[in-house]
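Under our numbering, the residues of the sequence shown are numbered 15 to 396, in order.
To start, the structure under review is shown below, and the notes come after it.
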Amino acid sequence: MTVDPADRVEQVPPSGIRRFFELAEEMDDIISLGVGEPDFSAPWAARDAAITSLEQGRTSYTANRGRRELRELIAAHVDDRYDLRYDPDEEILVTAGASEALDLAFRALVDPGDAVAVQQPCYVSYVPGVLFAGGEVVPVETRAADEFELTRDVLEAAGADRAEVLVICYPNNPTGATISDERLHEVAAFAREHDLTVLSDEIYAALTYEGEHTSIATLPGMAERTVVFNGFSKAYAMTGLRLGYALAPPEATTAMNRIHQYSLLSAPTTAQYAAIEALETCRDDVEEMCAQYDRRRNYVLSRFAEMGLDCFRAKGAFYAFPECPRDDAAAFAEELLEEQGVAVVPGSAFGAAGEGHLRVSYATGMGELKEAMARIERFLPA
Ligand code: PLP
Numbered sequence: 015m016t017v018d019p020a021d022r023v024e025q026v027p028p029s030g031i032r033r034f035f036e037l038a039e040e041m042d043d044i045i046s047l048g049v050g051e052p053d054f055s056a057p058w059a060a061r062d063a064a065i066t067s068l069e070q071g072r073t074s075y076t077a078n079r080g081r082r083e084l085r086e087l088i089a090a091h092v093d094d095r096y097d098l099r100y101d102p103d104e105e106i107l108v109t110a111g112a113s114e115a116l117d118l119a120f121r122a123l124v125d126p127g128d129a130v131a132v133q134q135p136c137y138v139s140y141v142p143g144v145l146f147a148g149g150e151v152v153p154v155e156t157r158a159a160d161e162f163e164l165t166r167d168v169l170e171a172a173g174a175d176r177a178e179v180l181v182i183c184y185p186n187n188p189t190g191a192t193i194s195d196e197r198l199h200e201v202a203a204f205a206r207e208h209d210l211t212v213l214s215d216e217i218y219a220a221l222t223y224e225g226e227h228t229s230i231a232t233l234p235g236m237a238e239r240t241v242v243f244n245g246f247s248k249a250y251a252m253t254g255l256r257l258g259y260a261l262a263p264p265e266a267t268t269a270m271n272r273i274h275q276y277s278l279l280s281a282p283t284t285a286q287y288a289a290i291e292a293l294e295t296c297r298d299d300v301e302e303m304c305a306q307y308d309r310r311r312n313y314v315l316s317r318f319a320e321m322g323l324d325c326f327r328a329k330g331a332f333y334a335f336p337e338c339p340r341d342d343a344a345a346f347a348e349e350l351l352e353e354q355g356v357a358v359v360p361g362s363a364f365g366a367a368g369e370g371h372l373r374v375s376y377a378t379g380m381g382e383l384k385e386a387m388a389r390i391e392r393f394l395p396a
């Protein structure tokens with residue numbers, strides 16, 4: 015072999031979600047409830063701002079940390095919505111999606127051999143991100159019995175106290191779970207007691223349907239030990255524009271920016287113009303999309319209840335996470351795809367804690383959702 019990939023890369027298996035997409039792509043008449051991205055297009059005003067920026071020839075790099083105007087708007091936005099105060103010069107880093115920000119955080123904050131506690135089931139990129147950085151993953155498995163909320167008990171049982179870093183995500187992908195303020199205080203206290211750095215992925219914060227989103231960074235003693243991740247992909251339906259950001263103390267953004275300035279230079283310029291417009295004028299679009307997701311959530315949950323599928327009341331993001339009526343959720347999902355043409359993702363794709371569940375995305379139009387639910391009902395054992 016002339017090219018020998020690094021061991022730490024080869025040890026990471028390919029994403030369990032992709033296999034399903036590949037299967038689905040080969041088939042006709044598929045309704046996909048498998049994807050984790052909005053079915054909407056970005057608000058027109060944001061798209062128009064991107065087009066205008068191109069017409070005006072704004073095609074060069076920006077500052078490494080992102081355009082200052084955008085960082086100022088992000089600072090004002092997170093202050094207004096989440097009571098978070100960050101300095102645009104030193105504490106905000108604009109990245110190519112939250113994905114890049116997460117990768118930077120793992121590489122900048124995890125030393126080889128460091129233990130990193132990861133809330134599970136979880137978004138597919140965390141475990142690979144930790145492994146690429148040379149860290150050791152300590153799975154913190156949330157339980158269906160707790161509606162997949164992170165609790166102090168779960169952290170203790172997992173031995174998360176020996177970790178340097180704790181990765182959390184709420185509203186959660188894949189479960190749709192949020193976390194109550196009481197539990198969030200417990201998690202924050204645990205992090206302070208054991209001196210953990212918290213990486214808090216809050217990319218679905220705007221898609222919270224019951225109660226308000228509280229960022230862990232607003233709790234006492236937390237801003238100085240937390241990196242908050244957010245972005246434009248989910249709330250503004252801008253996945254393909256690849257724009258996200260990290261909010262963190264200066265020492266964290268400086269370390270992350272050190273990698274970013276060499277690997278990316280700056281996040282996509284056109285997307286930054288779209289994001290500026292999104293923050294300035296697209297709040298109503300976000301609210302309208304959010305209201306539609308909420309209607310679909312209620313519909314999907316009520317249909318699952320009618321079918322007798324156990325499913326806790328997901329309160330955010332755009333996922334429901336029902337229990338699979340059969341032991342082997344992967345085989346169930348594969349047969350559902352082959353026989354009824356409905357793609358859902360087996361929960362095990364998001365870690366062992368997801369076993370026995372299915373992730374069902376309702377980022378799909380109501381007409382398709384209705385048809386998909388009818389097909390699932392037909393497929394279920396009588
Ligand atoms: N974090 C979570 C929890 C996600 O579900 C996703 C995308 O599915 C991302 C981060 C990546 O977002 P971005 O498009 O901003 O890279």
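For glycine and all other residues, C-beta sits at the position ideal for the given N, C-alpha and C.
Beta-carbon contacts of residue i that lie in its chain and below 8 angstroms, excluding the five residues immediately before and after
i: Ser341; result: First, the amino acid is wrong: residue 341 is Asp here, not Ser. Closer than 8 angstroms at the Cβ level, and outside the excluded window around Asp341, lie Gly370.
i: Ala172; result: Ala131, Val152, Pro153, Val154, Glu155
i: Tyr307; result: Leu221, Tyr223, Phe332, Tyr376, Ala377
i: Thr268; result: Glu104
i: Cys296; result: Pro57, Ala59, Ala60, Tyr250
Three-state secondary structure assigned by DSSP to residue i
i: Pro336; result: coil
i: Gln354; result: helix
i: Met98; result: Looking at the sequence itself, residue 98 is Leu, so the reference to Met does not match. It is coil, neither helix nor strand.
i: Arg317; result: helix
i: Pro263; result: coil
i: Glu291; result: helix
i: Asp215; result: strand
i: Thr378; result: coil
i: Thr165; result: coil
i: Thr240; result: strand
i: Pro19; result: coil
i: Cys304; result: helix
i: His274; result: helix
i: Tyr140; result: helix
i: Met387; result: helix
i: Gly235; result: coil
i: Val124; result: coil
i: Gln25; result: coil
i: Ala203; result: helix
i: Ala251; result: coil
i: Thr283; result: helix
i: Ala396; result: coil
With 16 other Cβ atoms within 10 Å as the buried cut-off, status of residue i
i: Ala345; result: exposed
i: Gly149; result: buried
i: Glu68; result: It is Leu, not Glu, that sits at residue 68 in the sequence shown. Exposed, since its Cβ has fewer than 16 Cβ neighbours within 10 Å.
i: Gln354; result: buried
i: Leu279; result: exposed
i: Thr73; result: exposed
i: Thr211; result: buried
i: Val314; result: buried
i: Asn187; result: buried
i: Val26; result: exposed
i: Gln286; result: buried
i: Ala399; result: The structure shown does not extend to residue 399, since the chain is modelled only from 15 to 396, so the question has no answer here.
i: Asp125; result: exposed
i: Ala271; result: Here residue 271 turns out to be Asn, not Ala, going by the sequence shown. Classification of Asn271: buried, given that the 10 Å Cβ count is 16 or more.
i: Arg311; result: buried
i: Gln133; result: buried
i: Val23; result: exposed
i: Thr16; result: exposed
i: Met387; result: buried
Identified DSSP bridge partners for residue i
i: Ser46; result: Ala357
i: Phe54; result: According to DSSP, Phe54 bridges with nothing at all.
i: Gly245; result: Gly258
i: Gly330; result: Thr222
i: Pro153; result: Val132
i: Arg373; result: Val359
6 angstroms Cβ shell around residue i - same chain, five flanking residues per side excluded
i: Glu391; result: Met321
i: Tyr100; result: Ala89, Ile106, Leu261
i: Val141; result: Val151
i: Pro263; result: Glu238
i: Arg389; result: Gln354, Val356
i: Phe318; result: Cys325, Pro336
i: Ala219; result: His227
i: Glu265; result: none
i: Ala64; result: Thr284, Tyr287, Ala288
Same chain, Cβ closer than 7 angstroms to residue i, neighbours up to 5 away in sequence not counted
i: Ala251; result: Pro52, Phe54, Ser55, Ala56, Met303
i: Arg121; result: Ala147, Ile273
i: Cys338; result: Phe346, Gly370, His371, Leu372
i: Val144; result: Phe120, Val124, Val130, Val132, Val151
Residue i: CB within 8 angstroms of a non-hydrogen atom of the ligand NAD
i: Lys248; result: The ligand NAD is absent from the structure shown, which contains only the ligand PLP.
C-beta neighbour in chain C for residue i, strict 9 angstroms
i: Ala305; result: As a matter of chain content, chain C is missing from the structure shown, which is built from one protein chain.
Open item on the list: Ignoring anything shorter than 3 residues, give me the beta strand (DSSP E) runs that lie fully in the stretch 170-198, in order along the chain.
Closed with: 179-183
TODO: Give, in chain order, every unbroken run of the alpha helix (DSSP H) that is at least 4 residues long and sits entirely within the stretch 56-118.
DONE: With a minimum length of 4 residues, the continuous alpha helix (DSSP H) runs that stay inside the stretch 56-118 are 58-69, 82-96.
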